[in-house]
Amino acid sequence: MEKQAAQDTANWIQVPRPAPQAKTRLICCPHAGASASAFGPLARALPDHDIEALSVQYPGRQGGPGYQGFTDIGELADRVATALLPWCDRPVAVLGHSMGSVVAFELTRRLEAAGKPPVRLFVSGRRSPSDGLGVHVPQDDEEIVEELRTLGGIPVKLLDKPKYRESILAVVRNDYRANSGYLAPSDATVNCPVTFLLSDADPYVDAAAAAAWGNHTTQELTVASFPGGHFFLNEELAQVVEAVSEGLFTGSARRHAGGLQ
1 MEKQAAQDTA NWIQVPRPAP QAKTRLICCP HAGASASAFG PLARALPDHD
51 IEALSVQYPG RQGGPGYQGF TDIGELADRV ATALLPWCDR PVAVLGHSMG
101 SVVAFELTRR LEAAGKPPVR LFVSGRRSPS DGLGVHVPQD DEEIVEELRT
151 LGGIPVKLLD KPKYRESILA VVRNDYRANS GYLAPSDATV NCPVTFLLSD
201 ADPYVDAAAA AAWGNHTTQE LTVASFPGGH FFLNEELAQV VEAVSEGLFT
251 GSARRHAGGL Q
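Under the UniProt record's numbering, the first residue of the sequence shown carries the number 1, and numbering increases by one thereafter.
Next up, the structure:
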């Protein structure tokens, strides 16, 4: 059974820039419709002597696992946790953007249950786990395409090519269903500090929505503010890297990890 589980999850974790000397691994969970490559710029910008980024490749993406889609965030987190256990030989942190934020939250809970607790959870672009999306979810293809064009999460040139458009839409439809159907109990928590990365023009979250993440940790919540819209992470790389580094190597993070040196 263990051998089969390892085979089933063999392609779920990608390492955009190996950093074998890094003190900590940062597990990155992409937004709806995205592949592991979404975190390539961040992975390359992180200080490689301190942090090695691992990017999760969800099912159905190019080069990803053969498992056909997912409809439940918890099920996805189960599979990602199984894939990650061999990588938890040093302190880990988890980062998620938009839909990836609730994947990251559930993943953190599962790693804690497995005795591999992350030192910190970083989230952005989504309301808290018990608050739902709070926005209209596009239902038909034209609505989805219009939202993707407006937000800029997927290159527009791909949406204009029929051979790519349908495969993109199939993935995004499925991700949207999973994301909109997710709702955690109000008492669901992680036992590590949480940092919310808040952009000032994100149409989906504001300061109050960011603060609500404090209800889902037994530790402290930190809110770090940035300029930009929903997809600010790559546009504000230097500031994001600074916030991640500060979150990982503060005194509270060291204490929670049992002593990062």
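Yeah, the Cβ is synthetic: ideal placement off N, Cα and C, and Gly gets one too. No experiment lies behind these values; they were computed from the predicted model shown.
Pairing CB atoms from the region 97-105 with CB atoms from the region 122-131, are three or more of them under 8 Å?
Yes: at least three Cβ pairs fall under 8 Å.
Applying the criterion that 16 or more other CB atoms from any shown protein chain within 10 Å of the CB defines a buried residue, is T222 buried or exposed?
Locating residue 222 in the sequence shown gives position 222, counting from the first residue. Buried, by the Cβ-count rule.
Whole-angstrom distance between E106 and A201, CA atom to CA atom:
For the purposes of this step, residue 201 is taken as residue 201 along the sequence shown, with counting starting at 1. For the purposes of this step, residue 106 is taken as residue 106 along the sequence shown, with counting starting at 1. Rounded to the nearest angstrom, the two C-alpha atoms are 26 Å apart.
Roughly how many angstroms lie between the CA atoms of A211 and R79, to the nearest whole one?
As a first step, residue 211 is located in the sequence shown; it is residue number 211 there, counting from the start. As a first step, residue 79 is located in the sequence shown; it is residue number 79 there, counting from the start. So the two alpha carbons sit approximately 29 Å from each other.
Can you name, in chain order, every residue of its own chain whose Cβ lies under 7 Å from the Cβ of R177, other than the five neighbours on each side?
Within the sequence shown, the letter at position 177 stands for residue 177. Result list for R177: T71, in chain order.
Mark Q57 as exposed unless 16 or more other C-beta atoms lie within 10 angstroms of its C-beta, in which case mark it buried.
Position 57 of the sequence shown, counting from 1, holds the residue named residue 57. The residue is buried, with at least 16 neighbouring Cβ atoms inside 10 Å.
Helix or strand or just coil, what does DSSP make of A113?
Here residue 113 corresponds to residue number 113 of the sequence shown, with the count starting at 1. Here A113 sits in helix by DSSP.
What does a CB cutoff of less than 8 Å around Y204 pick up in its chain, not counting 5 residues either side in sequence?
On the sequence shown, position 204 is the one that residue 204 refers to. So the list reads S98, G125, R126, R127, L133, G134, V135, H230, once near-sequence residues are dropped.
How would you write the range of the beta strand (DSSP E) that A178 sits in, first residue to last?
Position 178 of the sequence shown, counting from 1, holds the residue named residue 178. In the DSSP annotation of this structure, A178 is not part of any beta strand (DSSP E); the continuous alpha helix (DSSP H) holding it starts and ends at 162-181.
Which of the three DSSP states, helix, strand or coil, is assigned to E242?
Here residue 242 is taken as the residue at index 242 of the sequence shown, counted from 1. Secondary structure at E242: helix, using DSSP grouped into helix, strand and coil.
Looking only at its own chain, which residues have a Cβ that is under 6 Å from the Cβ of Y67, when we skip the five neighbours before and after it?
Counting from one through the sequence shown, the residue named residue 67 turns up at place 67. Annotation note: pLDDT 48 at Y67 (below 50); position unreliable, no value reported.
So R25 is in the beta strand (DSSP E); what residue range does that whole segment cover?
Taking the first residue of the sequence shown as position 1, residue 25 is located at position 25. That run of the beta strand (DSSP E) goes 24-29.
Neighbourhood of A43 by C-beta distance below 6 Å, restricted to the same chain and skipping five residues each side
Translated into the one-based positions of the sequence shown, residue 43 becomes position 43. If we look at A43 and ignore the five residues flanking it on each side, its Cβ neighbours are P16, R17, A53.
Roughly how many angstroms lie between the CA atoms of A159 and T250, to the nearest whole one?
Here residue 159 is taken as the residue at index 159 of the sequence shown, counted from 1. Here residue 250 is taken as the residue at index 250 of the sequence shown, counted from 1. In the sequence as displayed, the identity of residue 159 is Leu instead of Ala. Roughly 42 Å separates the two Cα atoms.
In whole angstroms, what separates the C-alpha of N11 from that of D140?
As a first step, residue 11 is located in the sequence shown; it is residue number 11 there, counting from the start. As a first step, residue 140 is located in the sequence shown; it is residue number 140 there, counting from the start. N11 and D140: Cα-Cα distance of roughly 31 Å.
With a Cβ-Cβ cutoff of 8 Å, do T24 and L248 count as a contact?
Locating residue 24 in the sequence shown gives position 24, counting from the first residue. Locating residue 248 in the sequence shown gives position 248, counting from the first residue. Contact flag set, yes.
Please go through the same chain and pick out, in chain order, the residues whose beta-carbon is closer than 7 Å to the beta-carbon of E246, but skip the five residues on each side of it.
For the purposes of this step, residue 246 is identified with residue 246 of the sequence shown, where counting begins at 1. The beta carbon of E246 sits closer than 7 Å to none of the beta carbons in its chain outside the five residues before and after it.
Count the other CB atoms, across all protein chains shown, that sit within 10 Å of the CB of A32; report buried if there are 16 or more and exposed otherwise.
Here residue 32 is taken as the residue at index 32 of the sequence shown, counted from 1. Buried: at least 16 other Cβ atoms inside 10 Å.
Would you kindly work out how many angstroms separate the C-alpha atoms of L85 and R109, rounded to a whole number?
The residue you call residue 85 lines up with position 85 of the sequence shown. The residue you call residue 109 lines up with position 109 of the sequence shown. Rounded to whole angstroms, L85 to R109 spans 13 Å at the Cα level.
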